[in-house]
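Participant:
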Amino acid sequence: MCDRYRISHSFFLGAGDGRWSEGDRAKALAYEAYRRSVCEQCGTRGAEWDEEAGGDRHAYVSTTVRCVGCELIATEQQQVPDGPDGYGVRIGLIPRTAAEAQAGDRAAGSTTVD
């Protein structure tokens with residue numbers, strides 16, 4: 088969390104005045120080295136698999152998880168046109184109540200002419 092807010096560890100703990108001590112810098116550098124060692128896709132580190140480094144080739148097993156939100160995004164993404172009409176189009180999720188409120192706001196703002 089300290090890296091996200093760019094604060095020293097001692098300040099996070101309430102023990103510092105915001106200045107970075109030698110220990111704070113060492114912790115930040117160690118955390119950055121650890122973060123770089125973690126695979127962005129699966130979240131594991133090479134050493135966990137490397138038997139020569141004390142790891143285990145079978146340290147993890149795969150699991151399948153279905154996210155209904157990701158499924159909905161993938162389905163909607165298929166409707167985005169290829170080419171210039173689809174450039175910059177991004178599918179996201181908002182709560183149904185927020186979508187209904189937005190639709191109500193748009194309907195209230197529209198006028199009809201008879």
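Per the working numbering, residue 88 is the first one in the sequence shown, and the count goes up by one each step. Just so it is clear, CB atoms sit at the ideal spot from N, CA and C, and this is done for glycine as well.
Buried or exposed: where does His-145 fall if 16 or more other Cβ atoms within 10 Å of its Cβ makes it buried?
Facilitator: Classification for His-145: exposed.
Participant: Grouping DSSP H, G and I as helix and E and B as strand, with all else coil, what is Val-155?
Facilitator: DSSP places Val-155 in helix when its eight states are reduced to three.
Participant: Grab me the residues of Ala-134's own chain with a C-beta within less than 6 Å of its C-beta, minus the 5 sequence neighbours each way, in chain order.
Facilitator: Only Ala-140, Gly-142 meet the Cβ criterion.
Participant: Going by the beta-carbon positions, is the gap between Ser-108 and Ser-124 smaller than 8 Å?
Facilitator: Result no, Cβ atoms of Ser-108 and Ser-124 do not sit closer than 8 Å.
Participant: In this structure, does DSSP put Arg-132 in helix, strand or coil?
Facilitator: Three-state result, Arg-132: strand.
Participant: Kindly list the residues whose CB is nearer than 7 Å to the CB of Gly-173, restricted to its own chain and excluding five residues on each side of it in sequence; keep chain order.
Facilitator: Result list for Gly-173: Val-167, in chain order.
Participant: Identify which residue in Ala-115, Gly-101, Ala-102 has its Cα closest to the Cα of Arg-91.
Facilitator: That would be Ala-115, whose Cα lies nearest to the Cα of Arg-91.
Participant: Give me, in chain order, the residues of the same chain whose beta-carbon lies closer than 7 Å to that of Gln-164; leave out the 5 immediate sequence neighbours on both sides.
Facilitator: Excluding sequence neighbours, Gln-164 sits near Ile-178.
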